[in-house]
Amino acid sequence: MSAPLEPLRFATVGSVDDGKSTLIGRLLHDSKSIFEDQLEHVEAVSKKRGNDYVDLALLTDGLRAEREQGITIDVAYRYFSTPRRNFIIADCPGHIQYTRNMITGASTVDLATLLIDARNGVVEQTRRHSLLVSLLGVPHLVIAVNKMDLVDYSQERFDEIRAQFTEFAQKLELRDVTFIPMSAFEGDNVVDRSPNMGWYEGSTFLNHLESLYVASDDNLIDARFPVQYVIRPHTTAHQDYRGYAGTPAAGAMKPGDEVVVLPSGLETTVAGIDTFDSLADGSSSVAEARPGDAVTVRLADNLDVSRGDMICRPHNRPEVTQDLEAMICWMDSAASLTPRTIYTLKHTTRTVRAMVTDLRYRLDINTMRRDEDATTLEMNEIGRAVLRCTEPIFVDDYRRNRVTGSFILIDESTNQTVAGGMIRRTNT
Amino acid sequence: MSTTTLHSLESEAISIFREVAAEFERPVLLFSGGKDSVVMLHLAQRAFAPGRIPFPIMHVDTGHNFDELMEFRDRTVDEFGVDLVVASVQESIDAGRVREDTGPQATRNPLQTVTLLDAIAEHGFDAVFGGGRRDEERARAKERIYSHRDEFGQWDPKNQRPELWNLYNARHRKGEHLRVFPLSNWTELDIWRFINERDVPLPPLYFAHSRQVFARDGMLMAVNRHVQMLDGEEAFEATVRFRTIGDATCTAAVESAAFTVDDIVAETAVARITERGATRADDRVSEAGMEDRKRKGYF
């Protein structure tokens, strides 16, 4: 057997009724990942509603309001595995009013599947979701041209949609795009190769997901370790232990590495990296920590280091700044983004306060035109803004590092998460 | 394959434990002695080693427990050196906070919500770790990792806070709290693989054993002092194990010959029925039984 692949997190996005939930239902069904009681439940509910088919969307539309209205309101997470890989699916809502839930689902995935109804081609929501996938820096995109059964499995129609999308996507930053013609309802090219589209020579959807290599998407160059929690046991066994718990945002960290702690700027070396297991078996350190590994770092010198500080390499540092420029997705329905209002800003493990000092432009989702006269962002609008923070934070361009390049804004009166921000280094 | 998946799930859970410990005043971990809560306790230990777990654990005690579970609970508390808070449903009944249903099918399961919320208020807990997994049930599949509860303990599923990247919003008003689910992305099989790989001790009920049972609603209920049998229900001996363990009045056993963790991993990998579907009478109430209970503040 080849080396094990890491689990793949992927999201399904696209317009309402393009068949996202049906695609997931089909994937689970044909890969035999649906439990009998779940299928019985879906069959019974479908029948009760007078449907003459089994509505596989009911597998993920779990809320009462969703079932009543036959729509997806919030992200549903589903899990399945094949002998080759484990999968985590975020089934995202298609309605424009639930865009913030779509962003929630898509912000952490390796791959997004964007569904397009073959009859309708590229529609407004296709453009909106492509833009969001591009802004969120999702590394891989599958364009699932769905409902091919309703256009007689026409290659011509598929090529037309591919051309239409490619033309539009020129203005976006999409790195890896794969087009697959399918019918989620009939099962063509989802798990099994379609007998109806002999002209298509690419992978089936599942096959593509199973073989996609995502480990290279991690940034292994810029070592960044945001300190999350300080471990000081004060027990007799560990009287002098002082460890900095956290998860590397990028890069690899090894014992002996020369490091600098921000914001103090003090330099030292990594004395050791601990996990529960390395402590239990008495070893002095694990060999290295990579992005995503929850570890505890010990430093050679006793420095003043606390939560919100950042450990990195002396010759490769993030920008230390109180001034940010970022793309902002506004997600609050109660209040719009207003310059000079103070919000709580969370960035890695650091929390500061911040205000928008200038809204540079609002982006028109359809035309990609920049409206530089805009003075505010409403719910589900996207724009570019300049922010000023009460204290410095340690940032990279979002396109280089999704962890040190992202932040959220929280309304201090309602405690709602009102915006997501993707940092653009000012010279880019 | 399982090792890489397990490693990433474990790292995610550890990072959530640390984040909560850093940002909340009074977190608490819900501990029932069931496998998910045991895995949670082990993960919490892994998150803060070589230090102690910096928060207490809480058992919502219906008074209708399997004896094996209580022994296991007390032994585990000693071993981990954690503080245990017991929130007693019996005390809620005695204080007139809730009224108990009577009759052979009665269960104290729904009463736990009041006891839980009273205990959260009494101790001023602001973050409550739960072992809920999104693969368990369709309403849980929708829930955030940090799930906000208002001053009534209510969940508002139509208006959840956006949760981008791994940036969790911990802010809440006094009297409100957050439920936090470090195992959100784990499946039943992942839990068993963790138990296997880390040699996690569990209550003996999880392993196949011989026991007196009776059939009810297509499930096998254990004969025990908390359950009254109905006319026509007959006890018989069977080799069974429990896939989930909750209140003794509403948790069913499954026929199984899985005597070891290895056996259980193998059995779980080919299971065709979900654990709640197979064993929980409380989930059979309606199409949205869990959502309705969760809205009111249930686990």
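If you read the sequences in order, they're chains D and Y.
With the numbering used here as the guide, the letters of the first sequence map in order to residues -15 to 412.
With the numbering used here as the guide, the letters of the second sequence map in order to residues 2 to 300.
By construction, the Cβ of each residue, glycine as well, lies at the ideal position given by its N, Cα and C atoms.
By DSSP's criteria, E303(D) is part of a beta bridge. Which residues make up the other side? According to DSSP, E303(D) bridges with V379(D).
Out of G154(Y), R180(Y) and T103(Y), which has the shortest C-alpha to C-alpha gap to T144(Y)? Strictly speaking, residue 144(Y) in this sequence is Glu, with Thr absent from that position. Comparing alpha carbon positions, the residue from G154(Y), R180(Y) and T103(Y) closest to E144(Y) is R180(Y).
If you measure beta-carbon to beta-carbon, which residues of the stretch 17 to 32 of chain D are closer than 7 Å to chain Y? Along the stretch 17 to 32 of chain D, the positions whose C-beta sits under 7 Å from a C-beta of chain Y are F19, E20, D21, Q22 and V29, read in chain order.
CB-CB under 8 Å to D263(Y), same chain, minus the five flanking residues each way: which ones, in chain order? Excluding positions up to five away in sequence, the list reads N197.
Could you tell me which whole beta strand (DSSP E) segments of length 3 or greater appear in the stretch 25 to 99 of chain D? Taking only runs of at least 3 residues, the beta strand (DSSP E) segments lying wholly in the stretch 25 to 99 of chain D are 60 to 66 and 69 to 75.
Best match in I392(D), M315(D) and T322(D) for proximity to E365(D) [C-alpha to C-alpha]: Of I392(D), M315(D) and T322(D), the residue nearest in Cα terms is M315(D).
G133(Y) and M41(Y) - do their beta-carbons sit closer together than 8 Å? Cβ distance not < 8 Å, so M41(Y) and G133(Y) don't count as in contact.
For A102(D), write down the residues that DSSP places opposite it in a beta bridge. Residue pairing by DSSP leaves A102(D) without any beta bridge partner.
Which class does M132(D) belong to by DSSP, given the choice of helix, strand or coil? Per DSSP, reduced to three states, the secondary structure at M132(D) is helical.
Step through the CB atoms of chain D and report whether any lies within less than 8 Å of the CB of I192(Y). False, the Cβ-Cβ gap to chain D never drops below 8 Å.
The stretch 130 to 149 of chain Y: positions lying closer than 7 Å to chain D by Cβ: The residues in question are R135, D136, R139, A140, A142 and K143.
Kindly indicate if chain D contains any beta-carbon less than 8 Å away from that of N110(Y). Closer than 8 Å: no.
Assuming L11(D) contacts V26(D) (C-beta within less than 8 Å), just tell me the rounded distance between them. So it is not a contact: roughly 14 Å between Cβ atoms.
Counting contacts by CB-CB distance shorter than 8 Å, is F195(Y) in contact with chain D? Interface flag for F195(Y) against chain D is unset, since no Cβ pair is found closer than 8 Å.
So N301(Y) and L10(Y) are supposed to be a Cβ contact under 8 Å. How far apart are they, rounded? What the structure shows of chain Y is the stretch from 2 to 300, and residue 301(Y) is not part of that stretch, so it cannot be assessed.
Which first and last residues belong to the alpha helix (DSSP H) in which V40(Y) is found? Membership of V40(Y) in the alpha helix (DSSP H) is indicated by the continuous run K36 to F49.
Just to confirm my understanding: we take T269(Y), look at its own chain, exclude 5 residues before and 5 after, and list those with CB closer than 7 Å. What are they? Close CB contacts of T269(Y) within its chain, under the 7 Å cut and outside five residues either way in sequence, are with E189, L190 and W193 (chain order).
Report the option in T333(D), L308(D), I257(D) and I127(D) whose CA atom is closest to the CA atom of M406(D). Considering only alpha carbons, the answer is L308(D).
Could you name the residues of the stretch 15 to 41 of chain Y whose beta carbon sits closer than 7 Å to any beta carbon of chain D, in the order they occur along the chain? Within the stretch 15 to 41 of chain Y, the qualifying residues are I15, S16, R19, E20, A22 and A23.
Quick one: is G104(Y) near chain B, going by C-beta distance under 8 Å? In the structure shown, chain B does not exist; the protein chains are D and Y.
Near G240(D), what residues of its chain come up, given a Cβ to Cβ distance below 8 Å and the 5 sequence neighbours on each side ignored? These residues qualify, in order along the chain: T253 and V254.
R216(D) versus chain Y: which residues are under 9 Å apart at the beta carbon? Against chain Y, the beta carbon of R216(D) has neighbours under 9 Å at G52, listed in chain order.
Are the C-beta of L263(D) and some C-beta of chain Y separated by less than 8 Å? By this cut-off, L263(D) is an interface position.
Compare the C-beta of E194(D) against all C-beta atoms of chain Y and say whether one is closer than 8 Å. Not closer than 8 Å to any Cβ of chain Y, the Cβ of E194(D) fails to qualify, so no.
Where K330(D) meets chain Y, residues with beta-carbon distance less than 7 Å: Neighbours of K330(D) in chain Y, taken as residues at a C-beta separation under 7 Å, are given in chain order as L168.
Cβ of D420(D) within 8 Å of any chain Y Cβ: With chain D running from -15 to 412 in the structure shown, residue 420(D) is simply not present.
Could you give the DSSP three-state label for D1(D): helix, strand or coil? Correct three-state label for D1(D): coil.
Using DSSP bridges, identify the partner residues of Q229(Y). Answer is none; Q229(Y) lacks a bridge partner.
For D136(D), count neighbouring Cβ atoms within 10 angstroms of its own Cβ and tell me buried if that reaches 16, exposed if not. A residue is called buried when at least 16 other Cβ atoms come within 10 angstroms of its Cβ; D136(D) does not meet this threshold and is exposed.
Start-end ranges of the alpha helix (DSSP H) lying completely within the stretch 95 to 178 of chain Y, minimum 4 residues: Whole alpha helix (DSSP H) segments, 4+ residues: 113 to 124.
Compute the beta-carbon to beta-carbon distance between E(-10)(D) and T5(Y), rounded to the nearest angstrom, for a pair I have assumed lies under 8 Å. Correct: roughly 5 Å between the Cβ atoms.
In three-state terms, what does DSSP make of A267(Y)? Helix at A267(Y).
What is the DSSP secondary structure of F391(D), counted as helix, strand or coil? Residue state, collapsed to three classes: strand.
For P202(Y), would you say it is in contact with chain D, using Cβ-to-Cβ distances shorter than 8 Å as the test? With its beta carbon at least 8 Å from every one in chain D, P202(Y) lies outside the interface.
Closer than 7 Å, Cβ to Cβ, to anything on chain Y: give me those residues from the stretch 274 to 301 of chain D, in chain order. Going along the stretch 274 to 301 of chain D in chain order, one finds G276, D277, A278 and R291 with a Cβ nearer than 7 Å to chain Y.
Cα-Cα separation, V241(Y) to R212(Y): Roughly 7 Å between the two C-alpha positions.
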